[in-house]
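Trainee: Heads up: the sequence shown at position 9 corresponds to 115 in the numbering used here, and the numbers run straight through without jumps. Just so it is clear, CB atoms sit at the ideal spot from N, CA and C, and this is done for glycine as well. Quick one: this structure, given as structure tokens, is what I'll be asking you about.
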Amino acid sequence: MPQSRSVMQSLRRLPVLGVAIGCLLLVVLGTQSWRFISASPVIGDAFAGGMVAALATALGTLPVLFSQRLSDRTQDTLFGFGAGVMLAACAFSLIIPGIAAAKLAGHGPWGAGGVIGTAILLGGAMLLLMERLVPHEHFIKGVEGQSTRTLRRTWLFVFAIALHNLPEGLAIGVGFAGNDALRASALATGIAIQDVPEGLVVAVALLAAGYSRKLAVGLGMASGLVEPVGAVLGAAVIEYSTGLLPWGLGFAAGAMLFVISHEIIPESHRKGHEVWATGGLMIGFVLMMLLDTALG
């Protein structure tokens, strides 16, 4: 009998021990990650740019704590605005600098265009593969991916948000590794600007899907944390292999173009507010173009 009690007490301690080990691993991982980030100014700048975008996403979710929902027309306009910012970022901050970098690496006009074009297609193919393999749920279209029955809808939304934000983080990281500071700052600023309404739309969509107000805001805030991770990853790859710069810029552009065409524009046109969504897209495009050309 005493032996049985001892076994039961040991079993009760296991969850506490597991939490303690998990916390210790997180501290060690965080310390090592910070050393890696702070060791390179470029990676540090990319991380800072990704964090600004994450904070902008978090800021956008806050109105959900005080307001019930946005109208469908407003949501579609904000979707269009985000698509416009990302389109201009692809063109002015990634594709054009990528072609210039390819030419500096010794490629002719056709060769440089071929490198960037191939990289764009590879970026889109990578997102398509992830979209097929990772179960996720669109805000309007519903469930996609494999094995969705075994996952809660909350995590399906989380995966969808991660797929959406990862290309933005990669673009920020590659931008800081491959562009001058002003152009990279313009790219990060533009993405952060569109992340504010994006965070709001994400939180509103989660609230409308039946999640509690606090959970919708919390998940919306957490969705932005993918961006500094992607930024560090993108900057690190280019920092330690400069020959990959044109490929990295084109790859990030392709991933963003896939998200724009496959996710954002269809979502913004699905409820019959195409004119408002298109107007938002054009305004977002012009705003990002001005940021890039004025600062870069």
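1. Tell me the residue span of the alpha helix (DSSP H) that contains Ala217.
2. Compute the Euclidean distance between the alpha carbons of Gln181 and Gly212, then round it to the nearest angstrom.
3. Return the first residue and the last residue of the alpha helix (DSSP H) that Ser374 is part of.
4. Alpha carbon to alpha carbon, what distance is there between Trp382 and Val343?
5. Would you check if the region 327 to 342 and the region 150 to 165 touch, i.e. whether three or more CB-CB distances between them fall below 8 Å?
6. Give me, in chain order, the residues of the same chain whose beta-carbon lies closer than 8 Å to that of Leu165; leave out the 5 immediate sequence neighbours on both sides.
7. DSSP on Phe364, reduced to helix/strand/coil?
8. Using 8 Å as the threshold, is the C-beta distance between Ala152 and Gly349 below it?
9. Going by beta carbon distance, what residues of the same chain come within less than 8 Å of Ile143, once the five residues before and after it are set aside?
10. Buried or exposed: Ala400, going by 16 or more other Cβ atoms within 10 Å of its Cβ?
11. Quick check: Leu355 and Leu200, are their CB atoms within less than 8 Å of each other?
12. If you follow the alpha helix (DSSP H) that Gly150 is part of, which residue opens it and which one closes it?
13. With H, G and I counted as helix, E and B as strand and the rest as coil, what does DSSP make of Leu312?
14. Using C-beta distances below 8 Å, list every residue in its chain close to Val113, excluding the 5 sequence neighbours before and after it, in chain order.
15. Return yes when the Cβ of Gly230 is within less than 8 Å of the Cβ of Cys360, no when it is not.
16. Count the C-beta pairs between the region 189 to 206 and the region 359 to 373 that are closer than 8 Å, then say yes if the count reaches three, no if not.
17. Can you have a look at Pro273 and say buried or exposed, based on whether 16 or more other CB atoms are within 10 angstroms of its CB?
18. Do Ala208 and Val221 have their beta-carbon atoms positioned less than 8 Å apart in this structure?
19. Is it buried or exposed for Pro215, if we count other Cβ within 10 angstroms and need 16 for buried?
20. In the DSSP assignment, the alpha helix (DSSP H) including Ala197 goes from what residue to what residue?
21. Which value, in whole angstroms, describes the spacing of the CA atoms of Arg179 and Ile226?
22. Could you tell me how far apart the beta carbons of Phe187 and Gly316 are, in whole angstroms, since I believe they sit closer than 8 Å?
23. Would Leu176 be called buried (16 or more neighbouring beta carbons within 10 Å of its own) or exposed?
Mentor: Answer, in terms of the structure:
1. Before going on, a small fix: residue 217 reads as Gly here, not Ala. Element bounds for Gly217: 215 to 239.
2. 45 Å
3. 371 to 375
4. 39 Å
5. yes
6. Val302, Gly305
7. helix
8. no
9. Ile149, Gly150, Phe153, Val338
10. exposed
11. yes
12. 147 to 167
13. helix
14. Confidence at Val113 is low in this model, with a pLDDT of 47, below 50, so the placement of that residue should be treated as unreliable; the coordinate-derived value is given next. So the list is empty, once near-sequence residues are dropped.
15. The sequence shown places Gly at residue 360, not Cys. Against a cut-off of 8 Å, the Cβ pair of Gly230 and Gly360 comes out as a contact.
16. yes
17. buried
18. yes
19. exposed
20. Where Ala197 is concerned, there is no enclosing alpha helix (DSSP H), given that its DSSP letter is neither H nor E.
21. 32 Å
22. Actually they are not in contact, since the Cβ atoms of Phe187 and Gly316 sit about 26 Å apart, beyond 8 Å.
23. buried
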